[in-house]
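Engineer: Okay, here's the structure, questions in a sec.
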Amino acid sequence: MMQVEQIIVIGHSRCGGIKGLMTFPDKGPHTTDFIEDWLKVCLPAKSKVIAEHGSASVDDQCVHCEKEAVNTSLAHLLTYPFVREGLVKKTLALKGDTTIWLTAPLSCGNLSLAFLLQPWLD
């Protein structure tokens with residue numbers, strides 16, 4: 001069992017995975033190997049975005065899906081018994097957020113991930 005107090009799901013702008021998800025064919029052959037299994041976790045996010053923003057451009061749909069995928073990922077974590085147990089016992093917290101990657105430092109509470117961006121900003 002994981003011995004952590006928080007699980008943080010971070011979505012970011014211009015996510016290649018989300019772009020792949022939004023342009024991923026719903027039917028037919030897929031050629032993404034292992035990536036398609038990873039993308040399938042967020043299919044509910046894609047469905048919601050298409051239902052609510054179907055007439056928007058793919059780029060705009062991606063922006064909406066970047067945010068919705070965080071919610072979907074948080075919900076997916078609830079499929080793990082140890083996560084549900086930790087939430088019930090209040091020994092685990094789930095948090096989610098999005099950031100505009102490479103233009104804004106990300107910080108979740110006392111955790112700052114700005115150092116991850118520094119090599120690209122220098």
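According to the UniProt record's numbering, the sequence shown is numbered sequentially starting from 1. The beta carbon of each residue, even a glycine, is placed where N, CA and C say it ideally should be. Nothing here was measured: the structure is a model prediction, and the numbers come from that model.
1. Using only alpha-carbon positions, find the residue among Ile7, Gln3, Glu5 and His12 that is nearest to Cys67.
2. By how many angstroms is the C-alpha of Val63 removed from the C-alpha of Arg14?
3. Whole beta strand (DSSP E) runs in the region 22-83 with 3 or more residues, listed along the chain?
4. Measuring straight from C-alpha to C-alpha, what distance separates Glu85 and Ser73?
5. Comparing alpha-carbon positions, which option in Gly54, Thr91, Ser57 and Met22 lies nearest Leu43?
6. Starting from Thr98 and walking both ways along the beta strand (DSSP E), at which residues does that stretch end?
7. What would DSSP say about Val9, mapped onto helix, strand or coil?
Structural biologist: A quick look at the data gives this:
1. Counting from 1 along the sequence shown, the entry for residue 67 is found at position 67. Just to set this straight, residue 67 is Lys in the shown sequence, not Cys. Cα-wise, what sits closest to Lys67 is His12.
2. Taking the sequence shown and counting its residues from 1, one reaches residue 14 at position 14. Taking the sequence shown and counting its residues from 1, one reaches residue 63 at position 63. Answer to the nearest angstrom: the Cα atoms are 8 Å apart.
3. none
4. The residue labelled residue 85 in the question sits at position 85 within the sequence shown. The residue labelled residue 73 in the question sits at position 73 within the sequence shown. If I take the Cα positions, the gap works out to 17 Å.
5. Locating residue 43 in the sequence shown gives position 43, where the first residue counts as 1. The shortest Cα separation from Leu43 among Gly54, Thr91, Ser57 and Met22 belongs to Met22.
6. Within the sequence shown, numbered from 1, the residue matching residue 98 stands at position 98. Counting along the chain, the beta strand (DSSP E) containing Thr98 begins and ends at Ala93 to Thr99.
7. Translated into positions along the sequence shown, residue 9 becomes position 9. Looking at Val9 - three-state DSSP - the assignment turns out to be strand.
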